[in-house]
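Undergrad: Pasting in a structure now, in structure tokens, and then I'll have a few things to ask.
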Amino acid sequence: MIGAQATIGNDAFGLADYRDYNGQFLDDEAKSDILNAIGPGGVSLHARGTGALPGIQFGSIALFSTTSIVSRATVSRAWAELALEGVEMYDPVHFGATSGELDAWTELGIALGYGLGPLSIGASVKWLHGHFHAQGEATGDLNPTLEDGVIEAVGTSGTLLTTTAEGGQGYGIDLGLAFNLGSTTFSAAASNLFASIEWDTNPRLSGFRYEDQLDFSEEPEKPEEVDEPIDPFIAALPPVWRLGIARPLASRLLFVAALTRIGDDSDIGGGLELRPFSWLPLRIGSGFSSLDGARYTTGFGLSPGPIALDFGVGHRGGLFDDASGIDLALSFALNP
């Protein structure tokens with residue numbers, strides 16, 4: 001099987017917002033709308049790409065490999081307030097924490113399945129090879145000192161620190177089971193169970209720290225640069241828990257529903273798959289779920305003989321111009 005999946009989005013703005021505000025003069029109402037869309041924790045951005053390299057299956061044993069790149073970032077609301085509204089000259093300013101993380105790794109694994117009557121059990125053990133890890137955070141403060149209503153000095157402080165590593169190794173376990181009760185199938189799965197990577201290739205801490213009391217009569221202090229090796233560290237992959245149910249509603253119509261838990265986020269959704277023609281091995285599906293706001297997905301699959309081709313697209317937060325993110329998936333399988 002060969003496949004690819006990509007996801008990109010944010011939790012505040014849709015495509016229509018970008019078209020409305022990009023390159024435009026923003027009046028007070030537009031600025032207020034932008035700030036109202038940003039929660040107290042700031043704007044969260046995310047992107048993920050996964051590629052499934054050719055895998056091989058022999059009966060109940062399968063060999064698989066995937067490569068993933070995941071990026072997450074949170075931009076403090078204070079930066080948007082500063083850009084849109086500015087600050088009062090005499091007020092202290094706290095920029096909050098702006099953070100980001102980037103990980104790239106490959107999974108090589110072997111999976112084994114076993115059937116016992118209506119019960120099917122599967123497990124996989126995978127070796128994790130980390131390619132790159134980066135995690136950073138930036139903070140800042142401005143605190144003016146007043147004397148007789150006049151700014152005499154401004155206290156400034158800030159940090160920008162990034163932890164990086166250029167490689168690592170680890171292991172992970174996946175478990176799953178399915179139970180058939182008549183025409184209904186119940187399933188449960190746990191991915192990335194006990195999965196972690198020890199980043200031990202050139203781990204470093206870099207960036208700067210800055211603190212000064214600027215009184216306008218002295219040269220500002222230079223930032224303290226940081227660039228030092230650190231001890232290897234372990235980062236866990238977030239476990240993914242799934243519960244699902246599938247049941248045919250008609251001879252060519254299948255209903256599915258699932259509850260998914262990823263880290264601290266939960267998703268519940270359902271969908272339908274239709275096989276509209278008896279003479280054409282075509283599948284058409286559509287679904288709805290609630291992780292990171294509403295998500296709408298649709299896709300199709302074609303299975304002529306031993307070949308299976310599937311394509312899917314999803315919109316997060318809304319449809320078309322209201323979407324604040326998009327998901328794409330493509331897979332190809334050959335079952336001789």
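First residue of the sequence shown? That's 1 in the working numbering, and the numbers climb one at a time after it.
Just so you know, even glycine gets a beta-carbon here, dropped at the ideal spot from N, CA and C.
This structure is a prediction, so every number in the text was calculated from the model and none was measured.
Out of 192, 53 and 13, which one is the CA nearest neighbour of residue 44?
TA: That would be 13, whose Cα lies nearest to the Cα of residue 44.
Undergrad: With DSSP run on the structure shown, which of helix, strand or coil describes residue 34?
TA: It is helical.
Undergrad: Report all residues from its chain with a CB closer than 6 Å to the CB of residue 328; omit the five preceding and five following residues, and keep chain order.
TA: For residue 328, where only same-chain residues beyond five positions count, the Cβ hits under 6 Å are 6 and 313.
Undergrad: Counting pairs of beta carbons, one from the region 267-284 and one from the region 224-232, are three or more of them closer than 8 Å?
TA: Because the criterion of three Cβ pairs below 8 Å is not met, the region 267-284 and the region 224-232 do not touch.
Undergrad: Residue 67 to residue 135, Cα distance in whole Å?
TA: Going from the Cα of residue 67 to the Cα of residue 135 covers about 19 Å.
Undergrad: Could you please give me the residues that DSSP links to residue 327 through a beta bridge?
TA: Its beta-bridge partners are 7 and 314.
Undergrad: May I ask you to report which of helix, strand or coil DSSP gives residue 101?
TA: The answer is strand: DSSP assigns residue 101 an E or B state.
Undergrad: Judging by CA-CA distance, which residue of 309, 171, 71 and 248 is the nearest neighbour of residue 126?
TA: That would be 171, whose Cα lies nearest to the Cα of residue 126.
Undergrad: Pull up the CB-CB distance for residue 81 and residue 35, whole angstroms please, since I reckon it's below 8 Å.
TA: About 7 Å; that satisfies the 8 Å criterion.
Undergrad: What does DSSP give as the partner residues of residue 169 in its beta bridges?
TA: Partner(s): 129 and 198.
Undergrad: So what does DSSP say about residue 265, is it helix, strand or coil?
TA: DSSP places residue 265 in strand when its eight states are reduced to three.
Undergrad: Classify residue 294 as helix, strand or coil using the three-state DSSP reduction.
TA: Of the three classes helix, strand and coil, the one that applies to residue 294 here is coil, per DSSP.
Undergrad: Is it true that the region 154-171 meets the region 135-145, where meeting means three or more beta-carbon pairs spaced less than 8 Å apart?
TA: Contact holds: three or more Cβ-Cβ distances are below 8 Å.
Undergrad: By alpha-carbon positions, which one of 258, 276 and 262 ends up nearest to residue 270?
TA: Residue 270 has its Cα closest to that of 258, out of 258, 276 and 262.
Undergrad: If you draw a straight line from the alpha carbon of residue 15 to that of residue 98, how long is it in whole angstroms?
TA: The straight-line gap from Cα to Cα measures roughly 23 Å.
Undergrad: With DSSP collapsed to three states, give me the class of residue 77.
TA: Three-state result, residue 77: helix.
Undergrad: Could you tell me if residue 209 is buried or exposed, where buried requires 16 or more neighbouring beta carbons within 10 angstroms of its beta carbon?
TA: Counting Cβ neighbours within 10 Å, residue 209 comes out exposed, since fewer than 16 surround it.
Undergrad: Determine whether the beta carbon atoms of residue 189 and residue 175 lie at a separation below 9 Å.
TA: For residue 189 and residue 175, yes; Cβs fall inside 9 Å.
Undergrad: With 16 as the cutoff for other CB atoms within 10 Å, does residue 203 come out buried or exposed?
TA: Counting Cβ neighbours within 10 Å, residue 203 comes out buried, since at least 16 surround it.
Undergrad: Between which two residues does the beta strand (DSSP E) harbouring residue 19 extend?
TA: Where residue 19 is concerned, there is no enclosing beta strand (DSSP E), although the alpha helix (DSSP H) it sits in stretches over 15-21.
Undergrad: Rank 288, 9 and 302 by C-alpha distance to the C-alpha of residue 277 and give the top, closest one.
TA: Of 288, 9 and 302, the residue nearest in Cα terms is 302.
Undergrad: So, are the CB atoms of residue 119 and residue 58 less than 9 Å apart?
TA: Not in contact: residue 119 and residue 58 (Cβ atoms no closer than 9 Å).
Undergrad: Rank 139, 102 and 113 by C-alpha distance to the C-alpha of residue 131 and give the top, closest one.
TA: Measuring from the Cα of residue 131, the nearest candidate turns out to be 102.
Undergrad: Taking Cβ positions, are residue 290 and residue 267 nearer each other than 9 Å?
TA: In this structure, residue 267 lies closer than 9 Å to residue 290 by Cβ.
Undergrad: Along the beta strand (DSSP E) that carries residue 54, what are the first and last residues, could you check?
TA: Unbroken beta strand (DSSP E) run through residue 54: 43-58.
Undergrad: Using the DSSP secondary-structure output, state which residues sit across from residue 117 in a beta bridge.
TA: None; residue 117 has no bridge partner.
Undergrad: Using beta-carbon positions only, say whether residue 138 and residue 159 come within less than 9 Å of one another.
TA: Yes, the Cβ-Cβ distance between residue 138 and residue 159 is below 9 Å.
Undergrad: For residue 221, count neighbouring Cβ atoms within 10 angstroms of its own Cβ and tell me buried if that reaches 16, exposed if not.
TA: Looking at its Cβ environment, which holds fewer than 16 other Cβ atoms inside 10 Å, residue 221 is exposed.
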